[in-house]
Amino acid sequence: MKEKIEQLQKVLEEEIVNYKKLLTLLLKERKLLTEANVEVLENNLKEQEKVFTVIDRLECERFSILEELSKEILGDSFENTTIDELFSRIPDSDRLKNIRNRLKELVRDIIKINNNNDFLIRNGLSFIEKNIEAFFGVDGREDLYHPGKFKLKKKNAKNIINWKI
């Protein structure tokens, strides 16, 4: 059991390192969104994908260890218990609880920054759609980014560019 607890601590600490990387990348993404630096933003997204892959692997590993510990300590599947119940049965679990709390805090920060980035992206797209509509008289709400599928407004619609020659 002691070996599994040490494995769990190691996995949780690796998760903290990778969630911190993700948080750093998301903060950089926010800056890049405001600067409209598309090329660097694309590289940032690729780095995020790599970190997500590592986090996914660590999550699977963590769940496997928790499943083994749950069966060994509680005699039941981890799906039928809570992490608090499991940690309450592990001697000297203060370190695990501390790591868990740090992870929860990081995840909250990541969710907050991700929501902020989502807001920036949606507002940017809305701005682009309104500009396309104003300049070209095109209704960009449907299939905006699929070439050839723009819908022209009514003939009498006012737009900035006069298409009559």
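Heads up: the sequence shown runs through residues 1 to 165, numbered per my numbering. All C-beta atoms, glycine included, are put in the ideal place defined by N, C-alpha and C.
For this session: Spell out whether any CB of chain C is found under 9 Å from the CB atom of Leu96.
Result: In the structure shown, chain C does not exist; there is a single protein chain.
For this session: Quick one: grab the DSSP three-state call for Ile16.
Result: Residue 16 sits at position 16 when you count from the first residue of the sequence shown. Here Ile16 sits in helix by DSSP.
Problem set entry | Spatially closest choice to Lys20 from Leu32, Lys4, Phe52 and Phe119, by CA coordinates | Position 20 of the sequence shown holds residue 20. Out of Leu32, Lys4, Phe52 and Phe119, Phe52 has the C-alpha closest to the C-alpha of Lys20.
Problem set entry | Whole-angstrom distance between Leu23 and Ile113, CA atom to CA atom | As a working note, residue 113 is residue 113 in the sequence shown. As a working note, residue 23 is residue 23 in the sequence shown. Cα to Cα, the separation comes out at about 8 Å.
For this session: Please say whether Leu12 and Ile99 have beta carbons closer to each other than 9 Å?
Result: The residue labelled residue 99 in the question sits at position 99 within the sequence shown. The residue labelled residue 12 in the question sits at position 12 within the sequence shown. In contact: Ile99 and Leu12 (Cβ atoms closer than 9 Å).
Problem set entry | 6 Å Cβ shell around Phe127 - same chain, five flanking residues per side excluded | The sequence position of residue 127 within the sequence shown is 127, counting from 1. Result list for Phe127: empty, nothing under 6 Å.
For this session: Taking only the alpha-carbon atoms, compute the straight-line gap between Asn37 and Glu79 and give it to the nearest angstrom.
Result: Against the sequence shown, residue 37 aligns to sequence position 37. Against the sequence shown, residue 79 aligns to sequence position 79. The straight-line gap separating the alpha-carbon atoms of Asn37 and Glu79 is approximately 44 Å.
For this session: Please list, in chain order, all residues of the same chain as Lys97 whose beta carbon is under 7 Å from its beta carbon, the five residues on each side excluded.
Result: Taking the sequence shown and counting its residues from 1, the one referred to as residue 97 is at position 97. Only Phe87 meet the Cβ criterion.
Problem set entry | Classification of Glu133 by the beta-carbon crowding that lies within 10 angstroms, buried from 16 upward | Stepping through the sequence shown from its first residue, residue 133 is reached at position 133. Here Glu133 is buried, its C-beta having at least 16 other C-beta atoms within 10 Å.
Exercise. By the 10 Å Cβ neighbour count, where 16 or more other Cβ atoms means buried, how is Asn123 classified, buried or exposed?
Worked result: Counted from its first residue, the sequence shown places residue 123 at position 123. When all chains shown are included, Asn123 counts as exposed.
Exercise. Taking Cβ positions, are Gly26 and Ile121 nearer each other than 9 Å?
Worked result: Position 26 of the sequence shown, counted from the first residue, corresponds to residue 26. Position 121 of the sequence shown, counted from the first residue, corresponds to residue 121. Per the sequence shown, the amino acid found at residue 26 is Leu instead of Gly. For Leu26 and Ile121, no; Cβs fall outside 9 Å.
For this session: Report the residue from Ile110, Glu105 and Leu69 whose alpha carbon sits nearest the alpha carbon of Arg90.
Result: For this step, residue 90 is matched to residue 90 along the sequence shown. It should be pointed out that residue 90 corresponds to Ile in this sequence rather than to Arg. Looking at the Cα atoms, Leu69 is the closest of the given residues.
Exercise. With respect to 8 Å, is the separation between the Cβ of Asn117 and the closest non-hydrogen atom of the ligand HEM below this value?
Worked result: The ligand content of the structure shown is nil, which means the ligand HEM is not present either.
For this session: May I have the straight-line CA-CA distance separating Glu47 from Glu85, to the nearest angstrom?
Result: In the sequence shown, the residue the question calls residue 47 occupies position 47. In the sequence shown, the residue the question calls residue 85 occupies position 85. Roughly 36 Å between the two C-alpha positions.
Exercise. So what's Gly75 in DSSP terms, helix, strand or just coil?
Worked result: Within the sequence shown, residue 75 is the residue found at index 75, counting from 1. It is coil, neither helix nor strand.
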